[in-house]
Structures are given as C-alpha cells and as structure tokens.
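In the UniProt record's numbering, the protein residues as written are 1 to 153.
In this text, a Cβ means the ideal position worked out from N, Cα and C, and glycines have one as well.
Following this line, the structure appears as structure tokens:
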C-alpha cells in the first residue's frame, strides 16, 4: 500500500479522464499502480459528474476509477471547516476543496485551477502541504518514482 497521499481537485480527475496523455493521466496511472494514494471527497466527485458530459467522458470511466480504488473517497468536510476556508480562494465555492485537502493527511493538493487554487494565498494557508499542478508534482515525484510506464487507467 502506498504511503504517499495526494488530494485531488475535480480539474485533475476530469483532465485525467479526458486525455490519454499528460500529467493528470500520469497521476491516475501512478495511483492505479499503487505508487501513490489519491484522495478526494464526494463533493469533488459531484463536480466531476457535473462536467462529464461537457467533456464527452463516459460516466463508466469515473465509476471504474472509484470501484478499482484508483481514487479513494474520504468524508466530506463539515460545514464549519469549509467556512474557515471561504476567504482563502477568490472563489468561495472552492472552500470545500481546501477544507478536504486540509483534513486529508495528504502531502499535496493537486489542481489545474491557476486562478483560484494554485495561488500564493492558498499555498500559504495549506503549508506545509504542497499545492501544485500535476506536472509539477510529477517533477517533484521523479525522485520517488511516481510515474508508471503505462498511462492506461
């Protein structure tokens, strides 16, 4: 069982499902190969579900990630904890992501949201947790062999 835990935003799950290459897909492949443990919440999975059709992604692809435990679900954060993060991002609707990440015990929050989550304020708030894009995490992770030779999830 991998000891390296990473918390995912919806953008990474969607990008990983939509593309057969790229950093997000490589993150999913590393989890599939038990090199890392990916965590997220039901709130975030609902965001993913809400955008599947727009990106022409079959719901069964998401179901496979969850049923094979490529992505592990943790409990949604309590409303009081979400409220604590409501002013951290310029989008208060992202507070649940920050709350979930803070409770996850993960070493990193991975997102593609440069405008709202990959910001200095979010990084400072979640420190010592890393807040990075999938590609940046993969660059850091090369030292611990995160990547798989196959990107099939």
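query                                                                                           : result
Per DSSP, cross-strand counterpart(s) of residue 131                                            : 109
Span of the beta strand (DSSP E), counted from its first residue to its last, around residue 64 : Here residue 64 belongs to no beta strand (DSSP E); instead the alpha helix (DSSP H) covers 59–67.
Where residue 72 sits in the DSSP three-state scheme                                            : strand
Exposure label - residue 32; buried when at least 16 CB within 10 Å                             : buried
Residue nearest to residue 38 in terms of C-alpha spacing, selected from 117, 25 and 50         : 25
Exposed unless 16 or more other CB atoms sit within 10 angstroms - verdict on residue 16        : buried
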